[in-house]
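> First the structure, then my questions, so here it is.
2 protein chains.
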Amino acid sequence: MKKILLIEDEPQMRKNLALILKREGFAVVVGADGSEGILLAKRELPDLILCDVMMPEVDGYGVLGALRAEHATETIPFIFLTAKGDKADIRSGMNLGADDYLTKPVSVDDLLAAITARLARSSQHRRELRPIFESPAPLESLGLTPREAEVLFWVAQGKTNAEIGTILGAAAATVKKHLEHIFEKLGVENRAGASLCALEELARG
Amino acid sequence: MKKILLIEDEPQMRKNLALILKREGFAVVVGADGSEGILLAKRELPDLILCDVMMPEVDGYGVLGALRAEHATETIPFIFLTAKGDKADIRSGMNLGADDYLTKPVSVDDLLAAITARLARSSQHRRELRPIFESPAPLESLGLTPREAEVLFWVAQGKTNAEIGTILGAAAATVKKHLEHIFEKLGVENRAGASLCALEELARG
DNA sequence: GCGGGCATGCGGCGGACGGCGTATTTCGCG
DNA sequence: CGCGAAATACGCCGTCCGCCGCATGCCCGC
């Protein structure tokens with residue numbers, strides 16, 4: 112049975128989510144704030160962590176950073192829970208090595224889909240491709256608009272269109288559209304080629 | 112109507128191929144050796160070039176190199192015609208910027224498929240993804256077998272599975288199988304991630 | 001000689017991707 | 001104010017990708 116650590120400071124939300132997860136047959140461990148979450152993560156070594164971003168004292172980024180810094184916990188799939196509108200913050204979160212994020216209010220389906228997707232992927236431990244870029248800005252020198260640069264930025268981290276849509280708070284269709292323009296501008300045919308262009312640019316700039 | 116330049120020193124082969132192409136409604140220009148081919152390419156600026164590899168004096172590589180060195184001709188799709196068994200040579204040819212190659216004897220279907228595919232793609236000029244690597248060998252230090260290294264080598268140049276199959280003289284299915292192993296070994300999920308690992312290795316080694 | 005790693009091949013499946021068309025909203029610049 | 005570029009979004013469609021299982025042949029080392 113898979114063990115999930117839920118870190119959420121708001122009592123009602125915590126209760127609801129825990130209930131949902133238990134009903135799905137997960138073993139659920141709950142932490143009420145960042146510090147407790149970190150302790151629990153290290154002790155329980157859960158299969159996956161759901162963590163609120165906005166918490167007093169140690170926030171979600173703090174938790175993620177702490178866990179990614181230690182060997183025992185660095186590969187545990189980590190999903191952020193955030194309120195709508197934190198989009199800007201999300202990017203740094205993803206850069207720290209978060210695997211996904213969900214915007215509250217969360218639909219049960221989305222929650223379970225994200226969890227099962229992550230559990231499936233993490234069964235084979237993945238390598239961290241990170242942090243090649245600090246910011247998408249340099250990519251604009253390839254003739255891209257700021258938004259296109261952001262898309263390419265994430266493409267070059269190996270993200271899928273759907274993931275990028277989630278990160279940027281746009282529809283996957285929009286990401287595809289941006290990608291069309293990017294391919295056109297870079298003269299490549301697919302995301303792999305675009306990634307390579309991005310890296311070239313990085314190496315040059 | 113699309114204009115195709117055919118460079119082939121063997122008279123019978125030249126005649127046959129020209130006939131096939133004409134019957135398909137292409138305007139065909141023929142050159143009997145490398146030097147003539149280069150001249151014709153510059154003068155006629157064809158939409159696509161079919162070029163034999165083995166020719167006296169200036170061979171296929173010479174032609175390709177000459178055309179890629181000049182602005183007017185550098186983006187013309189270039190397809191090699193080679194005899195079975197030249198596989199090793201092909202790789203350097205592809206690195207020079209060839210778009211495809213066909214092994215003689217060529218089936219009419221393969222020939223036309225390759226041509227139409229190339230014409231379709233070249234309608235929007237593509238960027239040459241730099242020859243980043245000289246040889247696949249360094250990639251073996253990632254724990255890959257020689258063959259897997261070769262596959263990754265081409266993946267990192269933005270090639271598609273089918274293209275890689277053609278280059279290595281293996282079935283596309285085999286390339287996919289190698290890729291499965293590569294993903295496993297590198298701990299990534301897709302070709303983009305694998306490319307990045309390859310470049311990382313390159314930068315380090 | 002027998003196991004095990006390697007290379008090769010095939011086929012199927014579902015999902016992701018890429019191309020294309022279309023349309024609306026937003027925003028900056030003249 | 002109005003134009004145009006950028007960003008957003010949706011749908012269709014064919015292809016490529018990634019995953020899985022299976023099978024064969026080779027060669028090397030124990």
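First to last, the protein sequences are chains E and V. In short: position in the first sequence from 1, add 111, done, that's the working numbering. In short: position in the second sequence from 1, add 111, done, that's the working numbering. We treat Cβ as the ideally placed atom computed from N, Cα and C, and that holds for glycine.
Check the Cβ of SER146 of chain V against every Cβ in chain E and list those closer than 8 Å, keeping chain order.
Near SER146 of chain V there are no residues of chain E at all, since even the closest Cβ is about 30 Å away, more than 8 Å.
> Using CA coordinates, which residue listed in E:THR285, E:HIS289, E:ILE190, E:VAL174 is at the minimum distance from ASP211 of chain E?
Ranking the options by Cα distance to ASP211 of chain E, first place goes to E:ILE190.
> Under three-state DSSP, which class holds ASP163 of chain V?
In this structure, ASP163 of chain V counts as strand in the three-state DSSP scheme.
> What are the residues of the stretch 302-313 of chain E that lie near chain V, defined by any Cβ-Cβ distance shorter than 8 Å?
Residues ARG302, ALA303, GLY304, SER306, LEU307, CYS308, LEU310, GLU311.
> For the beta strand (DSSP E) that LYS114 of chain V lies in, which residues bound it at each end?
Element bounds for LYS114 of chain V: 114-118.
> My assumption, with CB atoms under 8 Å, is that ALA138 of chain V sits in contact with LYS113 of chain V. Please give the rounded CB distance.
Confirmed, Cβ separation roughly 7 Å.
> For ARG229 of chain E, which residues of its own chain have a beta-carbon under 8 Å away from its beta-carbon, when the five flanking residues on both sides are left out?
Within the same chain, ARG229 of chain E has close Cβ partners LEU159, PRO188, ILE190, ASP210, ASP211.
> Buried or exposed for THR227 of chain V, going by 16 or more other Cβ atoms inside 10 Å?
By the 10 Å Cβ count, THR227 of chain V comes out exposed.
> Please list the partners that GLY269 of chain E has in chain V, where partner means a Cβ-to-Cβ separation under 8 Å.
In chain order: VAL299, GLU300, ASN301, ALA303, GLY304, LEU307.
> With a threshold of 16 other CB atoms inside 10 Å of the CB of ALA224 of chain E, please say whether the residue is buried or exposed.
Exposed, by the Cβ-count rule.
> Over what stretch of residues does the beta strand (DSSP E) that includes THR193 of chain E continue unbroken?
Per DSSP, THR193 of chain E belongs to the beta strand (DSSP E) from 189-194.
> Tell me, to the nearest whole angstrom, how far the beta carbon of GLY176 of chain E is from that of CYS162 of chain E; I am working on the premise that it is less than 8 Å.
In fact, because the Cβ distance is near 11 Å, the residues do not count as touching under 8 Å.
> Which residues bound the beta strand (DSSP E) around VAL140 of chain E?
Unbroken beta strand (DSSP E) run through VAL140 of chain E: 138-142.
> Nearest to LEU156 of chain E by alpha carbon, out of E:MET166, E:THR186, E:PHE264?
The residue with the shortest Cα to Cα distance from LEU156 of chain E is E:THR186.
> Going by alpha carbons, who is nearest to ALA143 of chain E out of E:GLU119, E:THR214, E:LEU128, E:LYS133?
Measuring from the Cα of ALA143 of chain E, the nearest candidate turns out to be E:GLU119.
> To the nearest angstrom, how far is the alpha carbon of VAL174 of chain V from that of ALA180 of chain V?
About 10 Å.
> Return the chain-ordered list of same chain residues with a C-beta closer than 7 Å to the C-beta of ALA248 of chain V, the five sequence neighbours on each side being excluded.
The answer, listed in chain order, is ALA260.
> Put LEU156 of chain V into one of helix, strand or coil per three-state DSSP.
Three-state result, LEU156 of chain V: coil.
> Can you give the beta carbon distance from LEU263 of chain V to ALA314 of chain V, rounded, assuming they're within the 8 Å contact cut?
That belief does not hold up - the Cβ atoms of LEU263 of chain V and ALA314 of chain V are roughly 15 Å apart, past 8 Å.
> Taking the alpha-carbon of LEU253 of chain V as reference, which of V:GLY298, V:VAL164, V:MET165 has the nearest alpha-carbon?
When only C-alpha atoms are compared, the closest one is V:GLY298.
> Expressed to the nearest angstrom, what Euclidean distance is found between the alpha-carbon atoms of LEU192 of chain V and ALA183 of chain E?
Near 55 Å, if we compare the C-alpha coordinates of ALA183 of chain E and LEU192 of chain V.
> LEU117 of chain E and LEU132 of chain E look like a contact to me (Cβ under 8 Å); what is the Cβ gap, rounded to whole Å?
Right, their Cβ atoms sit about 7 Å apart.
> Would DSSP call LEU255 of chain V helix, strand or coil?
Coil.
> Could you compute how far the alpha carbon of ALA194 of chain V sits from the alpha carbon of MET124 of chain V?
Between ALA194 of chain V and MET124 of chain V, the C-alpha separation is close to 12 Å.
> Compute the Euclidean distance between the alpha carbons of GLU295 of chain V and ARG134 of chain E, then round it to the nearest angstrom.
Approximately 33 Å between the Cα atoms of the pair.
> Measuring CA to CA, which of E:LYS287, E:GLU121, E:THR285, E:GLU300 is closest to LYS323 of chain V?
Absent from the structure is residue 323 of chain V, since the part of chain V shown begins at 112 and ends at 316.
> Pull up the DSSP beta-bridge partners for ASP211 of chain V, would you.
In the DSSP output, where bridge partners are listed per residue, ASP211 of chain V has V:ILE190.
> Look at the Cβ atom of ALA129 of chain E, then the Cβ atom of VAL141 of chain E, and state whether they are nearer than 7 Å.
Result yes, Cβ atoms of ALA129 of chain E and VAL141 of chain E sit closer than 7 Å.
> Count the other CB atoms within 10 Å of the CB of THR277 of chain E; is the residue buried (16 or more) or exposed (fewer)?
So THR277 of chain E counts as buried.
> For a test of the three-state rule: what should DSSP assign to ASN127 of chain V, helix, strand or coil?
Residue state, collapsed to three classes: helix.
> Among the candidates V:GLY280, V:GLU311, V:ALA303, whose CA atom is the shortest distance from the CA of TRP403 of chain E?
No answer is possible for residue 403 of chain E: the residues shown for chain E start at 112 and end at 316.
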